[in-house]
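What follows is one structure encoded as structure tokens, with my remarks underneath.
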Amino acid sequence: AYIDEALKEIGQIAQDQGNESLQGLTPATAALQSYRERLGEFKQIQTKAEADQEIMAGLGETLLDSVAALNRL
Numbered sequence: 040a041y042i043d044e045a046l047k048e049i050g051q052i053a054q055d056q057g058n059e060s061l062q063g064l065t066p067a068t069a070a071l072q073s074y075r076e077r078l079g080e081f082k083q084i085q086t087k088a089e090a091d092q093e094i095m096a097g098l099g100e101t102l103l104d105s106v107a108a109l110n111r112l
């Protein structure tokens, strides 16, 4: 949301200043867009990591249950 607001603000500044300032704002716009993309990728990885962590916790419990069952034999 903050990134979108910043991009909108950059667009507004470019309109207010005219085409002269567009060259100066282009790198900032590109950097913000790249950051937004990377942040989206990070959030996807984070979500997958959290899901994998839950799976690993479940597997750990299953392993402990299996060891306990073997010990009872």
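Residue 112 is where the sequence shown ends in our numbering, and the numbering goes up by one at each step. Each residue gets a CB set at the ideal place from its N, CA and C atoms; glycine is no exception.
Using the Cα positions of T65 and T86, report the straight-line distance between them to the nearest angstrom. If you draw a straight line from the Cα of T65 to the Cα of T86, it is about 32 Å long.
My understanding is that I42 touches R75, with C-beta atoms under 8 Å, so please give their C-beta distance in whole angstroms. Their Cβ separation, rounded to whole angstroms, is 5 Å, which keeps I42 and R75 in contact under 8 Å.
What are the start and end residues of the alpha helix (DSSP H) that includes L112? Bounds of any alpha helix (DSSP H) do not take in L112, whose DSSP letter is neither H nor E.
Note down the Cα distance separating A96 from A107, rounded to an integer number of angstroms. Spanning the two alpha carbons is a distance of roughly 17 Å.
Assuming L102 and T68 form a contact by the criterion Cβ under 8 Å, report the distance between their Cβ atoms to the nearest whole angstrom. Not really, about 51 Å apart at Cβ, beyond 8 Å.
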